[in-house]
Structure formats: C-alpha cells, structure tokens
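A.B. asks: Here it is, the structure in full.
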Ligand SMILES: Cc1cc2nc3c(=O)[nH]c(=O)nc-3n(C[C@H](O)[C@H](O)[C@H](O)COP(=O)(O)OP(=O)(O)OC[C@H]3O[C@@H](n4cnc5c(N)ncnc54)[C@H](O)[C@@H]3O)c2cc1C
Ligand SMILES: NC(=O)c1ccc[n+]([C@@H]2O[C@H](COP(=O)([O-])OP(=O)(O)OC[C@H]3O[C@@H](n4cnc5c(N)ncnc54)[C@H](OP(=O)(O)O)[C@@H]3O)[C@@H](O)[C@H]2O)c1
Ligand code: FES
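Chains as they are written, first to last, in UniProt numbering: chain G, 1 to 500; chain F, 1 to 163.
Here it is in structure tokens:
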C-alpha cells in the first residue's frame, strides 16, 4: 500500500540478521552500527562526570538520553523505569498493526547500548526510591514519566461493566501487565467509542479488523481469543464537535476507510458545504476534511462496491455529547444517551460545542471512553497544574526546583505523536546541557549515585536482562507465527530476566 | 493455542535453553561480526558501480554539507551513509510512519523531482513541523542523475508542544 519499503521491528537480534540478509548494501546495518547519533562531540567541559537520572523509559526518556550523551562526552545517564521492560507507549500504546512505528526501538536500543547509559527497569520512582533521593544523588533529574491515567466523563452509568477506558483496552491488547485481567465482553453487536482522537480510531480499528490479520501482529494472545469470538458488527465513533474539529489524523482515517470487510458511513448532511470552506484552510486540515467529504458524498465506484459487500461497518458521528450510559434490565450496558450540540465561535479550529434541546440514544453493548489520557503528579512536592494535568515548568525547568526538569507527556500533557515528543525531549536535553555547561548545576559526589544504585541493584532489571526478555518473546512469537508474543506478567518477565 | 499454555512453554523454554541470551558484550560482538559477514557477502556479488552526484544539505545550524549521492538510492539512505548528523532523522527507517525525514526543496527543484508524492506520503508529511508547499519526505525521494548540484534544506525540528 505504501511507496516505502516496510521494515518491521522484531527481535532486535533477528532484526539485525534480517538486515544482513536483506540489505546487502548495508544502509540499515550501518545505521545500527555507526549512526552519527551515538558519536560524541568534541565539546569539552570543565566539570567531571555529570550524572543525570531520567524518570521513565519511554520515547521522551530515550530521546532526552540521546541528546545528553551526544552533547557531553562525560555525562552518565541512568534511566529509571517502573516496568521491567523499556519503551513506554511504543510498546504499550502503539497499535499492534502499526509495526513500522515501532522501528524507533532500534534507535533507542542503540542509545541504550552506549556504555554511559544505564537502564534500571522494575524501579518505580515514588515507591522503590524517592524523587528526593534521586535529586540528592544526581546532577540533574529529568521527569519523563508519561501519563498513567485517563480522563473521566463524570456521567451516570460510567462505572458499569463493559464501559472501558480506551487506555485500559489498549493496555489489554498490547500486553500491559496492569490490564491483563480487564473484563472485555464482545458478545454484542454494537460498540460506541467516545472521542475523535487517534486513540479512538486505534481501538475502533482493532475491534473491526479481521482476526486473521491481527494474529500476524504482536497483539496479545488473550485478547485475540476474545476478538475471535467477537460478535461486534458496528462501531460508532462519536465526537462532541464537528468534522473540522476532529483530532485524529488523515493516515488513520484513510486506514479506516480502506479497512477490509468494513464499510464507512459518514452522513452527507454532516459535511454539507465543507468543500467550499476548506479551500482556504491549511493543508493538513484541508486534506483530512476533503477525505471525509469524499467518503461521505462521492466514494469511488470500487469503494462503494466493496462497502456494499462488507459485513461490518463504522460510523463517524458528530456533535454529540454523552450524558448517560443506559442500563438494560439485566444490569448490562444498553446504550449511550447523547445531547445534540451545535457549534459556537468564529475560529473553525476552536469552535465550542454548546448543547441544544435534542437528545438521542445509540444502542450498544460496549462503550470505550477515549477522551484523552491524564498525567499524575509523581509526588506532592511537585508543582503540578491539576487543571491541565501537567508539571509546571518553563522551557523544561520545573518551577522553583533547581536541577529538576520535565519533558514529554508528563510535561506537556498527553498530546502529540512520537515526532513531537522527540523534538521536545531534544530541547530538554539541550537545556540540561546548557545548565551543566554554564555552571548552574554542580556535579554531586560520585559515591552518592553509587550508593543509590547499590540499593536498587538487586531489584532492577538491566538492559541486557531486557534483551533476554526480548529474545524469549520473539521465540514464543515464532511458535504462533507472530513477530513476538509479549509477556504480560511481571513475575514471568522477572524470571526470564533473572535466568542465566 | 491457549495463551496460558503458550506462556508457560515460553518461560520454560527460555529458562532451559542452552544458548544463553546475549549480554551487551555479545551484542557488540554480534554487531562487529555482522559487518565482517556483510563485507564478505558484498564481495562475492560484485555490484555495478552506481553513478554519483553531488547533493548539498543545508543543516539546522546553518552549516552546509556536500555529499556524494548514489543515483537510485533514496535521500534517507544517502544521509545515513554519509553520516550527515541530523538529530532524530529517519526514526521509522523509511517506512512512511514518522515524518522525521522531512526535507525542503527549492521550488524549481521541487517541480523537477521525477516522482510526485503519493497520498500516503502526503498524509505523513501533513504531520511534519514547518510544512511548506515544496516539502518532501526524504525516504521517498530517489536520487536521479539530474540532481547533481541540488541543495536541500533540513527544516528546524521545532515542536509545537513547547510554548
Ligand atoms: C494508544 C496510543 C497509541 C499511539 N500511537 C502512536 C503512533 O502510532 N505514532 C506516534 O507517533 N505516536 C503514537 N502515540 C503517541 C506516543 O506514544 C507518545 O507521543 C509518546 O509515547 C510519549 O512519550 P513519553 O515518554 O512522554 O511517555 P510514555 O511513552 O508514556 O513513557 C513514560 C514511561 O514512564 C514510565 N513511568 C511512569 N511512572 C513512572 C515512575 N513513577 N517511575 C519510573 N517510571 C515511570 C512508564 O512506565 C513509561 O514507560 C500513541 C499514544 C497512545 C496513547
Ligand atoms: N497513529 C497515531 O499516530 C496515534 C495513535 C494514537 C494516539 N496518537 C496520539 O496520541 C495523542 C493522544 O490521543 P488521544 O486520542 O488520547 O487524545 P486527543 O487527540 O486529544 O483526542 C481526544 C478526543 O476526546 C475528545 N474529548 C475530550 N474531552 C471530552 C469530553 N469531556 N467529552 C467528549 N469528548 C471529549 C476531544 O474532543 P475536543 O476536541 O472537542 O476536545 C478529542 O476528540 C494524540 O496526539 C494522538 O495523535 C497518535
Ligand atoms: S523515515 Fe519515517 S517517514 Fe521517512
């Protein structure tokens, strides 16, 4: 489907062998072996060995580490990660049918293999060690711990079983140990997904994609078992505002439109007149709206034919705010009651939804709430903006806390793709380097960091331990024709990590 | 297969396997041998010499870097092979999944590029920072012999997440 060559990330070792066989010109291999990213520069620093602790081993952590290691030839970087396995949402968020996105893992691995970079998995900051002890022992501490919670609607019925947060549902199919026992019931015909972001599209696509496609991905086996028995035929993706305000992006929409055995239904009345407005808006929004318009009003004859034959469908529904999740007599989810909205305001992107008097119900047996993730304060000393759900900072420097920095989703809120997180983390890395170079930060005694590491050494999972887990997962995947079968249990991860 | 059974097979296999999983040291050894093997592989299959053209990259810090680009390779491969140092470039390794390989051409050069961007390239490009009418994704642009002397700008990768 794409013009580019598809290269998927499998076992890191397998990937390397694969490159060897398939890439005789060696460009990718060369990238792994001698990328400029890991070469250190010749800048010299007066201080000896600054040590920086990063809290969180997701993209923000690894990209910040990359920048720090590159910018100072003496710096030592320690990444503390709550789970025994690295890479954050690249492992536990990115959809299993998007393996290309996970290729960033190769570059993170290269950073991790730098001898000045250490990974301490299975160490939760705030529980296993305190933020204070990190700050006392390191030249600088960078918070990059993501967003571990999600937003609630605060409406009646939200706590019924089978009203699930998209965050947990994603964790369930992607093998997050916290979500392995999520009770997912797909013994119903319709599902409602609330929210118009890319996560909403991800979960809808997983519900509708034929399992013979999913079973070739690294989706967890326990979720596949349930998806195989799914009776879901219809998925409604419902947003509170209109087509010009959707938060999902065009690649994800196009994928839904082209989904096998699934028809797209967008009401022509919802997009009426948009073709005239969009000529003057910036290209990304214009192309996205054009695609919605075309799919609603004038799909190609081939597409129309495919849709006519499809047995499943998804509907894009606008201008509806959920007000109640309705219950059946048996206490199950029966539907979602919505209030119909209209838009107010002149600026198309920032128009607000205001309620009208109309009310409408969509019947369904499953509700996935996908209205955004939420970051939590790591401890109560941290200046935290509860409204925005972000750490208070200026240019990554945490307010009134010299030596403490933040980046990624915990700093800026749970929005943005890996590209955005990457440039943010690079900027943060530069700010820390600047503060080291100009003497704002002073190096701590080496023994302090050494003592701290000695305390957690027995509990910590190192990067070479992770490589064992990686290899075991890929071996297990091979048995069932998948790139990997993820371990979903922390104890099992640990027993592999501890094996010799 | 039942998932629990699968996982126990997995754990027991790994715990009893004779070849231990690689340590970091063996990883670097593996990487070193890879290079050797690869050289051997290349020498046994002589490849016709590819034609080279000059391409200049205008980097984020204002510096210029001229490289020899092989006709037929894409611009991502050229940047990697020539060690052009651009932070974060090519994160998805040329699979149209990241837009970190965003490059900007001069209008006159842009119009001469032989392949027009596909819908899928434009979809990814739409997420790039500082998108212009003459932007392309480097991993999708193949070098031709007409590109000798081309000058390409690497846009500043500034995130809008930072206010
Ligand atoms: C469902 C989903 C799908 C996505 N798909 C894509 C996609 O296809 N393409 C794309 O470009 N972007 C995608 N994104 C966005 C992308 O995942 C984010 O931009 C990126 O992961 C943010 O990085 P981060 O490091 O800030 O947070 P995270 O990735 O969440 O990493 C934070 C890390 O910190 C750890 N941590 C948390 N608390 C502690 C603690 N107390 N101590 C130690 N460690 C801790 C966590 O375990 C985690 O590993 C997706 C996001 C989601 C939610
Ligand atoms: N494939 C990918 O590249 C990919 C995949 C997944 C995620 N991501 C990225 O990860 C980030 C997070 O994604 P996300 O989908 O969780 O968040 P998001 O993009 O912020 O979308 C959240 C959606 O929920 C709606 N919403 C918020 N509060 C609501 C409420 N109270 N009632 C009803 N609707 C409400 C928002 O509508 P309003 O606009 O009206 O507020 C919006 O449509 C995004 O930047 C996304 O692009 C990327
Ligand atoms: S390298 Fe990711 S899109 Fe080109």
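Quick reminder that beta carbons are idealized off the backbone N, C-alpha and C, glycines included.
Closer than 7 Å, Cβ to any Cβ of chain F: which residues of the region 240-267 of chain G, in chain order?
C.D. replies: Cβ contacts with chain F: 249, 250, 251 and 254.
A.B. asks: Could you tell me whether the region 432-446 of chain G touches the region 79-92 of chain G, using the rule of 3 or more Cβ pairs below 8 Å?
C.D. replies: The region 432-446 of chain G, when compared against the region 79-92 of chain G, does not touch it at the 8 Å Cβ threshold.
A.B. asks: Are the C-beta of residue 69 of chain F and some C-beta of chain G separated by less than 8 Å?
C.D. replies: Taking Cβ atoms only, chain G never reaches closer than 8 Å to residue 69 of chain F, which makes this a no.
A.B. asks: Which one or two residues does DSSP pair with residue 99 of chain G in a beta bridge?
C.D. replies: Its beta-bridge partners do not exist; DSSP assigns none.
A.B. asks: Please report the distance separating the alpha-carbon of residue 154 of chain G from that of residue 198 of chain G.
C.D. replies: Each residue's Cα considered, the two are about 22 Å apart.
A.B. asks: Report back the beta-carbon spacing between residue 398 of chain G and residue 140 of chain G to the nearest angstrom; my notes put them in contact at under 8 Å.
C.D. replies: Their Cβ separation, rounded to whole angstroms, is 11 Å, which puts residue 398 of chain G and residue 140 of chain G out of contact at 8 Å.
A.B. asks: Classify residue 195 of chain G as buried or exposed, calling it buried when 16 or more other Cβ atoms lie within 10 Å of its own Cβ.
C.D. replies: The residue in question, residue 195 of chain G, is buried, as its Cβ has 16 or more Cβ neighbours within 10 Å.
A.B. asks: Residues with a Cβ closer than 7 Å to any heavy atom of ligand 3, in chain order?
C.D. replies: Taking each Cβ in turn, the ones that pass are G/4, F/76, F/90, F/91, F/92, F/93, F/94, F/95, F/96, F/97, F/98, F/99, F/100, F/101, F/124, F/137, F/138, F/139 and F/140.
A.B. asks: Reducing DSSP to helix, strand and coil, say where residue 427 of chain G ends up.
C.D. replies: Helix.
A.B. asks: Would you check whether ligand 1 has a heavy atom nearer than 7 Å to the C-beta of residue 410 of chain G?
C.D. replies: True, at least one ligand heavy atom lies under 7 Å from that Cβ.
A.B. asks: Is the region 133-153 of chain G close to the region 205-212 of chain G, with three or more CB pairs under 8 Å?
C.D. replies: Contact between the region 133-153 of chain G and the region 205-212 of chain G is absent, because fewer than three Cβ pairs lie under 8 Å.
A.B. asks: Answer yes or no: do residue 108 of chain G and residue 145 of chain G have a C-beta to C-beta separation smaller than 8 Å?
C.D. replies: No.
A.B. asks: Taking 8 Å as the cut-off, decide whether the C-beta atoms of residue 71 of chain G and residue 430 of chain G are in contact.
C.D. replies: A contact, by the Cβ cut-off of 8 Å.
A.B. asks: Of all Cβ atoms in chain F, is any one closer than 8 Å to the Cβ of residue 103 of chain G?
C.D. replies: Yes - at least one Cβ of chain F is within 8 Å of the one on residue 103 of chain G.
A.B. asks: Exposed or buried, what is residue 500 of chain G when buried is set at 16 or more other beta-carbons lying within 10 Å of its beta-carbon?
C.D. replies: Its Cβ having fewer than 16 others within 10 Å, residue 500 of chain G is exposed.
A.B. asks: Which value, in whole angstroms, describes the spacing of the CA atoms of residue 355 of chain G and residue 266 of chain G?
C.D. replies: Roughly 21 Å between the two C-alpha positions.
A.B. asks: Tell me whether residue 277 of chain G is buried or exposed, calling it buried when 16 or more other Cβ atoms sit within 10 Å of its Cβ.
C.D. replies: With fewer than 16 Cβ atoms within 10 Å of its Cβ, residue 277 of chain G is classed as exposed.
A.B. asks: Contact criterion: CB-CB distance below 8 Å. Does residue 88 of chain F meet it with respect to chain G?
C.D. replies: It does; some Cβ of chain G falls within 8 Å.
A.B. asks: Secondary structure at residue 361 of chain G, three-state DSSP: helix, strand or coil?
C.D. replies: Reduced to three states, the DSSP call for residue 361 of chain G is strand.
A.B. asks: Exposed or buried, which one is residue 214 of chain G when buried takes at least 16 other CB atoms within 10 Å?
C.D. replies: Residue 214 of chain G should be labelled buried.
A.B. asks: Please decide whether residue 127 of chain F counts as near chain G, where near means a Cβ-Cβ distance under 8 Å.
C.D. replies: Answer yes: the Cβ-Cβ gap between residue 127 of chain F and chain G drops below 8 Å somewhere.
A.B. asks: In chain order, what residues of the same chain lie with their CB nearer than 6 Å to the CB of residue 316 of chain G, ignoring the 5 residues before and after it?
C.D. replies: These residues qualify, in order along the chain: 237 and 266.
A.B. asks: By the DSSP assignment, the alpha helix (DSSP H) with residue 171 of chain G in it spans what residues?
C.D. replies: Note, residue 171 of chain G: alpha helix (DSSP H), 166-174.
A.B. asks: Let's see if you can read the secondary structure: which residues bound the beta strand (DSSP E) around residue 63 of chain G?
C.D. replies: It is not in any beta strand (DSSP E) - residue 63 of chain G instead sits in the alpha helix (DSSP H) that spans 59-71.
A.B. asks: Could you please give me the residues that DSSP links to residue 80 of chain G through a beta bridge?
C.D. replies: Answer is G/55 and G/120, bridged to residue 80 of chain G.
A.B. asks: Which partner residues does residue 335 of chain G have in the DSSP bridge list?
C.D. replies: Residue 335 of chain G is bridged to G/326 and G/363.
A.B. asks: Just how far apart, CA to CA, sit residue 81 of chain F and residue 475 of chain G?
C.D. replies: C-alpha separation (whole angstroms): 32 Å.
A.B. asks: I need the straight-line Cα distance from residue 162 of chain G to residue 332 of chain G, nearest angstrom please.
C.D. replies: Distance between the alpha carbons of residue 162 of chain G and residue 332 of chain G: 8 Å.
A.B. asks: By how many angstroms is the C-alpha of residue 217 of chain G removed from the C-alpha of residue 204 of chain G?
C.D. replies: Approximately 17 Å, taken between the alpha carbons.
A.B. asks: Could you tell me the alpha carbon to alpha carbon distance between residue 190 of chain G and residue 337 of chain G, rounded to whole angstroms?
C.D. replies: Approximately 14 Å, taken between the alpha carbons.
A.B. asks: For a test of the three-state rule: what should DSSP assign to residue 115 of chain G, helix, strand or coil?
C.D. replies: The answer is coil: DSSP assigns residue 115 of chain G none of H, G, I, E or B.
A.B. asks: Using CA coordinates, which residue listed in G/243, G/498, G/185 and G/192 is at the minimum distance from residue 227 of chain G?
C.D. replies: Selected option, being the one with the closest Cα: G/185.
A.B. asks: What would DSSP say about residue 105 of chain F, mapped onto helix, strand or coil?
C.D. replies: Here residue 105 of chain F sits in strand by DSSP.
A.B. asks: Applying the 10 Å Cβ sphere with the 16-neighbour rule, what's the burial state of residue 22 of chain G?
C.D. replies: Reliability of the predicted coordinates at residue 22 of chain G is poor, the pLDDT of 34 falling under 50, and the value obtained from them is presented with this limitation in mind. Under this definition residue 22 of chain G is an exposed residue.
A.B. asks: Confirm, please, whether the CB-CB distance from residue 130 of chain F to residue 75 of chain F is below 8 Å.
C.D. replies: Their beta carbons are not under 8 Å apart, which means residue 75 of chain F does not touch residue 130 of chain F by this criterion.
A.B. asks: If you reduce the DSSP assignment to three classes, tell me which class residue 459 of chain G lands in.
C.D. replies: DSSP places residue 459 of chain G in coil when its eight states are reduced to three.
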